[in-house]
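Colleague: Residue numbers (this note's numbering), protein chains in the order written: chain X, 845 to 1625; chain R, 3 to 157; chain P, 7 to 302.
Backbone N, C-alpha and C define an ideal beta-carbon position, used for all residues, glycine too.
What you are looking at is a predicted structure, and each value in this text was computed from that prediction instead of being measured.
1) Find the residues of chain X that neighbour residue 38/R, judging by a C-beta separation of less than 9 angstroms, and give them in chain order.
2) Per DSSP, residue 847/X is paired with what?
3) Is residue 892/X helix, strand or coil by DSSP?
4) Please confirm if residue 42/R has its CB atom under 8 angstroms from at least one CB of chain P.
5) What separation, rounded to the nearest whole angstrom, lies between the Cα atoms of residue 1114/X and residue 1052/X?
6) Using a Cβ-Cβ cutoff of 9 angstroms, what residues of the region 35 to 66 of chain P are near chain X? List them in chain order.
7) Given that residue 1126/X touches chain P, what residues does it touch there, using C-beta distances under 7 angstroms?
8) I need the DSSP call for residue 1250/X, collapsed to helix, strand or coil.
9) Show which residues of chain X have a CB atom less than 9 angstroms away from the CB atom of residue 130/R.
10) So with CB distances below 8 angstroms, who are the chain R contacts of residue 14/P?
11) Please classify residue 1181/X: does DSSP put it in a helix, a strand, or coil?
12) In the DSSP assignment, the beta strand (DSSP E) including residue 1574/X goes from what residue to what residue?
13) So with Cβ pairs under 8 angstroms, would you call residue 1562/X a contact of chain P?
14) Does the region 1397 to 1407 of chain X come into contact with the region 1360 to 1379 of chain X, if we say contact requires no fewer than three beta-carbon pairs (one atom in each stretch) closer than 8 angstroms?
15) Using a Cβ-Cβ cut-off of 8 angstroms (strictly less than) and excluding sequence neighbours within five positions of residue 254/P, which residues of its own chain qualify?
16) Strictly under 8 angstroms for the Cβ-Cβ distance: is residue 1061/X near chain P by that measure?
17) Evaluate contact between the region 1378 to 1392 of chain X and the region 1317 to 1326 of chain X, counting only Cβ atoms and requiring at least three cross-stretch pairs below 8 angstroms.
18) Looking at chain P, which residues of the region 133 to 148 of chain R have a Cβ within less than 8 angstroms of any of its Cβ atoms?
19) Could you give the residue range of the beta strand (DSSP E) that holds residue 1302/X?
20) Are the CB atoms of residue 227/P and residue 211/P within a distance shorter than 8 angstroms?
21) Starting from the Cα of residue 225/P, find the closest Cα among 157/P, 262/P, 256/P, 123/P and give me that residue.
22) Is it a yes or a no for the region 105 to 113 of chain P touching the region 64 to 81 of chain P, going by three-plus beta-carbon pairs under 8 angstroms?
23) Of all Cβ atoms in chain P, is any one closer than 8 angstroms to the Cβ of residue 91/R?
24) One question on the structure: do residue 92/P and residue 70/R come within less than 8 angstroms of each other, judged by their Cβ atoms?
25) Label residue 1423/X either buried or exposed according to how many other C-beta atoms from any shown protein chain fall within 10 Å of its C-beta, with 16 as the threshold for buried.
26) May I ask which residues mark the beginning and end of the beta strand (DSSP E) holding residue 18/P?
27) At what residues does the alpha helix (DSSP H) containing residue 1393/X begin and finish?
28) How is residue 131/R classed by DSSP in three states: helix, strand or coil?
29) Is there contact between the region 1188 to 1208 of chain X and the region 1007 to 1023 of chain X, where contact requires at least three CB pairs shorter than 8 angstroms?
30) Taking just the CA atoms, how far does residue 1394/X sit from residue 1333/X?
31) Identify the contact partners of residue 31/R in chain X, using a Cβ-Cβ distance below 9 angstroms as the criterion.
32) Quick one: what does DSSP say residue 286/P is sitting in, helix, strand or coil?
33) Less than 8 angstroms separating the beta-carbons of residue 1067/X and residue 1335/X?
34) Return no unless some Cβ of chain P is closer than 8 angstroms to the Cβ of residue 1278/X.
35) Evaluate the contact criterion for the region 1140 to 1150 of chain X versus the region 1023 to 1034 of chain X: three or more CB pairs, one atom per stretch, below 8 angstroms.
36) With 8 angstroms as the threshold, decide whether the Cβ of residue 272/P is near any Cβ in chain X.
Written as structure tokens, this is what we have:
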């Protein structure tokens, strides 16, 4: 398709501010007369707070908020799911600490230094309780309980054996189907806790307003959900709660929920009656959130011809001390599994378990990288054991056009209408030289190279023909200014991936206006309609879907006014970009001479007092189309040191029409580095005696890949499948999370191809590789 | 703690600061001078988000006592260029899509600027080596390396 | 948590020394209550994480005459506040002291090497300090100054344990001197980290002298395998005076690996360190031998 701006590489709208150090992130917000807040955090994994003595801190001029000072509201930080499917177990400050690093008391003072010193002067009397730090032990009879009861929506429910929630799904008759299988392959996979490591630590600034309300600047992926939740917790009318949309210094899912420090900051500000800023230290941030770990047992039954007939997945997730989004996670994991291959008859059982660890939340892929690692490693394993070609085996069984896709677990489904899987697998195989791939037994010597592949997908949003358990819609306001330039107001957060540019491009394309004449407005919750959250890879498909929808309404209004001026029926008018003059014109269909620029229409509309040409509306997408990816990678294993290098990576994506091609490539390459980290380097390990993180919260001992761990520029190739999503804005789907989902799996498969050892647990560290090589096992761990 | 006067040059301008010895250069730049380009990332010298140039050399403002900077010349990203007169590296970062969330960008830019001052035409390997301590979680670094490699030097 | 790395909340008196005498006088006066600040990359980290709480900080980067590299027939003399990057950029280090050059090159971020000093890296006495193994194999001598005068200490006697050195509270490390390296000598340094900018899981340095096909003298030192950087005389003895062959290198590497007693920590495991120490030592030996003009 021939587009004016869609698919063109254009400078980011926030680019100049970012390269000049002028972009305002939450940590850059300064409000006159503000105090600085810090938190006192529990040194124990499990302890009752018996008494808090803040007198010494107050004597230093500090304002303190203790568990007794916060509202008695039990909530869940994440409000993306409908209320009756939301498990609630936390207060602003708890009376019982359930993990090391949980904030117990908050302190604000004139400087951060004073606040920190005042915090150190606070005395807390704890009753130390026995912790549960191990998944199995947590579920064993007689294990210490983290909770006696929690809430599901408004309903009080009991917690047994620390099981936070569970989901069991059976499709067809898996037992019967297994009995018909020629081969049955079963393994267990284990994925670790990983820290998001977003570059900016979580920050909140709250200013109490003279009307009794609050203004909040905070790290978040959802300004509207933060607003609603703050209104509920602090009993404030929403008209008096305003949350500002700001840039965010990376997120990767860590701020899908309202961050725990936001209500703490609000409580401090309301008590102090002054603005308060709380910027988390890195060590506090590491103790605040983590990726969901998973232990996944997978059993698959296959016929001799490579047809899969049955599958069974059991997932255990150690969610830590609070439920943020474990119930929807269990559903999504079921969906990621159900939608990868046509399993025939299958079963899924997911269980989330409380432990006294940092609460887990979404991190790019939301259970998908975990499930993908298990399934795609397993597919490779089956191919090896049963003598199938891994690529052909996948092509025989994948879920594609016309099939049902579970975009958000069992309740949000739609039919796939665009799919580039076949194109990507064929192209990727060709690009990497799949035909020349040799089996591991033919490889000798110290350095052994291997080629591996894996494929994956993610949903684009959580829409569907029927509303499910997840809320999904977005809003936009578009306004033609009096000179014909355009203002776009969208509540959708841009996490760095370029959603903002996409919104501008979509508006520009609909209105045939040059990119330079469209700008994003600085907005907040008072000036925008609702958007649920930038999560689930929905920014472009859903957020920009709303922009598309509203831009069409603005276009109609333009036609209406232009019709009055040109004395034509609005329905007989057309928009066009006159490139030679650099202006957008409205002309009579088939009669270009009868024309007027949109600038002139807007100007006259003002002079004639017709009103502003603008529209505001919301849109819910009725589909959740999968964006597909495939990864073909080459690794080199040093069999003497166990070090794995990645000399080459081919990253393929099907995101429909790539609205920002450079940013799609950026997502794919960025995900390669995060996937490298997930596969080879990262894990936040615990000391099981003290319940503390072994890294103590310091990134000194929590390494992520540097530039040197990446393949060289020429050795990273990106390929976009040629697809068009009929339900997306200009044919677009998402890409964000998909880009990561099969990276670690492809690396694992390539490592197998290099050394003939398959790993069932990440990170595949040099220590583990060497131990496996020396052990002579075919299974790494 | 007693405050003391410290005189230094920041982005070409003489500044006098009345500060306590335990104040970090990073916080002084941000809180006293309002220069928000240098970012707090880890506070322990592990991420380089707080990189500034001290007499042209990249250093980490989170581990520098501001009092030790008496008489020194500091450059922050705000000193590199303006929106209407970008430094060639800033332009190159925009042209190559080297910015996503942008939080590591100031540190990357300043480190790259120091590299180019030492070595105007670095190889890819030299760029990787020089930037290896600057963490970025968004981009996977490739666009950043390309932006540095393909920077258009002013004629 | 018990820390806040966004600020330095600790209070202290800041003393800026402009001469060595001034610095030594303060050190003499305040002793263990004082800490010397140069690059700050270790001291500020330790203060922020609550490992040290000095009452006085003596800043020595403005002391004239501590920042120099002097190369002549007597060898190499390095002032204690010389930055790691300055060492890296020094031709005499690069050509004459390969192990030291490679060690410095391998360290941390560019910015950290612009700040950190060689004196600081030694004084911090991390078992993983990258400059230590090279200095051990070169037989470096450290000059320790106090108001009472100066004393020279072989680097081997300097490290006493993690974070512990033989520096008396009133003493300052002022100079590191390395003996000249003959034309038939060669040295090398290798390190494994978790990622490119990291402290070592394990590091190793080798320095040897060649005469024809024989190695006349050899020193080997490992870091991050014991409470201090250590020499491994067991392996050195196998090489000294011997004709160097691949087999002998392997034998020596095995002896070296057998002599170390590493632990498991956040960066790696005991088992891994034991296994790769052999590989690394063999590689380091080969590189040093070839640099000495030896053939294999």
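Modeller: Looking at the coordinates:
1) What you label residue 38/R is simply residue 36 of the second chain in a count that begins at 1. Within 9 angstroms of the CB of residue 38/R, the CB atoms of chain X belong to 865, 866, 867, 868, 869, 871, 872, 874, in sequence order along the chain.
2) As a position in the first chain, residue 847/X is number 3, starting the count at 1. Beta-bridge pairing links residue 847/X to no other residue.
3) As a position in the first chain, residue 892/X is number 48, starting the count at 1. Looking at residue 892/X - three-state DSSP - the assignment turns out to be strand.
4) On the second chain, residue 42/R is found 40 positions in, with the first residue counted as 1. It does: the Cβ of residue 42/R has a partner Cβ on chain P nearer than 8 angstroms.
5) Working through the first chain from its first residue, we reach residue 1114/X at position 270. Working through the first chain from its first residue, we reach residue 1052/X at position 208. Looking at the backbone, the Cα of residue 1114/X and that of residue 1052/X are separated by about 6 angstroms.
6) Cβ contacts with chain X: 51, 55.
7) Working through the first chain from its first residue, we reach residue 1126/X at position 282. Simply 11.
8) As a first step, residue 1250/X is located in the first chain; it is residue number 406 there, counting from the start. Under the three-state reduction of DSSP output, residue 1250/X falls in the strand class.
9) Indexing the second chain from 1 puts residue 130/R at position 128. Those within 9 angstroms of residue 130/R in chain X are 1550, 1551, 1552, 1554, 1556.
10) The residue given as residue 14/P occupies position 8 in the third chain. 24, 25, 26, 67, listed in chain order.
11) Within the first chain, residue 1181/X is the residue found at index 337, counting from 1. In the structure shown, residue 1181/X sits in a helix (DSSP, three-state: H, G or I).
12) In the first chain, residue 1574/X corresponds to position 730, counting from 1. Note, residue 1574/X: premise wrong, no beta strand (DSSP E); not H, not E.
13) Along the first chain, one-based indexing puts residue 1562/X at 718. Taking 8 angstroms as the threshold, the shortest C-beta distance from residue 1562/X to chain P does not fall below it.
14) Verdict: no, contact absent.
15) Here the question's residue 254/P lines up with position 248 in the third chain. Answer for residue 254/P: 244, 245, 248, listed in chain order.
16) Here residue 1061/X is taken as the residue at index 217 of the first chain, counted from 1. No, its Cβ sits nowhere closer than 8 angstroms to a Cβ of chain P.
17) Output reads yes: the region 1317 to 1326 of chain X touches the region 1378 to 1392 of chain X.
18) Under the 8 angstroms Cβ criterion, the region 133 to 148 of chain R contributes 133, 134, 135, 136.
19) Within the first chain, residue 1302/X is the residue found at index 458, counting from 1. The continuous beta strand (DSSP E) containing residue 1302/X extends over residues 1291 to 1303.
20) For this step, residue 211/P is matched to residue 205 along the third chain. For this step, residue 227/P is matched to residue 221 along the third chain. A contact, by the Cβ cut-off of 8 angstroms.
21) Position 219 of the third chain, counted from the first residue, corresponds to residue 225/P. Comparing Cα-Cα distances from residue 225/P to each of 157/P, 262/P, 256/P, 123/P, the minimum goes to 262/P.
22) Judged by pairs of C-beta atoms under 8 angstroms, the region 105 to 113 of chain P does not touch the region 64 to 81 of chain P, as fewer than three such pairs exist.
23) Within the second chain, the letter at position 89 stands for residue 91/R. For residue 91/R, the answer is no, since every Cβ of chain P falls outside 8 angstroms of its Cβ.
24) Working through the third chain from its first residue, we reach residue 92/P at position 86. Working through the second chain from its first residue, we reach residue 70/R at position 68. Contact: no.
25) Taking the first residue of the first chain as position 1, residue 1423/X is located at position 579. Counting of Cβ neighbours within 10 angstroms places residue 1423/X among the exposed residues, the total staying below 16.
26) In the third chain, residue 18/P corresponds to position 12, counting from 1. Neither: residue 18/P is in no beta strand (DSSP E) and is coded neither H nor E.
27) Along the first chain, read from residue 1 onward, the residue named residue 1393/X stands at position 549. For residue 1393/X, the enclosing alpha helix (DSSP H) starts and ends at 1388 to 1410.
28) One-based indexing of the second chain puts residue 131/R at position 129. The answer is helix: DSSP assigns residue 131/R an H, G or I state.
29) Flag = yes, the region 1188 to 1208 of chain X and the region 1007 to 1023 of chain X touch.
30) By 1-based counting over the first chain, the position of residue 1333/X is 489. By 1-based counting over the first chain, the position of residue 1394/X is 550. Rounded to whole angstroms, the gap between the alpha carbons of residue 1333/X and residue 1394/X is 11 angstroms.
31) By one-based count along the second chain, residue 31/R stands at place 29. By Cβ distance, chain X contributes nothing, its closest Cβ being about 10 angstroms from residue 31/R, past 9 angstroms.
32) Stepping through the third chain from its first residue, residue 286/P is reached at position 280. In the structure shown, residue 286/P sits in a helix (DSSP, three-state: H, G or I).
33) Taking the first chain and counting its residues from 1, the one referred to as residue 1067/X is at position 223. Taking the first chain and counting its residues from 1, the one referred to as residue 1335/X is at position 491. Yes, they are a contact pair.
34) On the first chain, residue 1278/X is found 434 positions in, with the first residue counted as 1. Using beta-carbon distances, residue 1278/X does not count as an interface residue toward chain P, since no partner is under 8 angstroms.
35) Result yes; three or more Cβ-Cβ pairs closer than 8 angstroms.
36) Locating residue 272/P in the third chain gives position 266, counting from the first residue. Yes, its Cβ sits closer than 8 angstroms to a Cβ of chain X.
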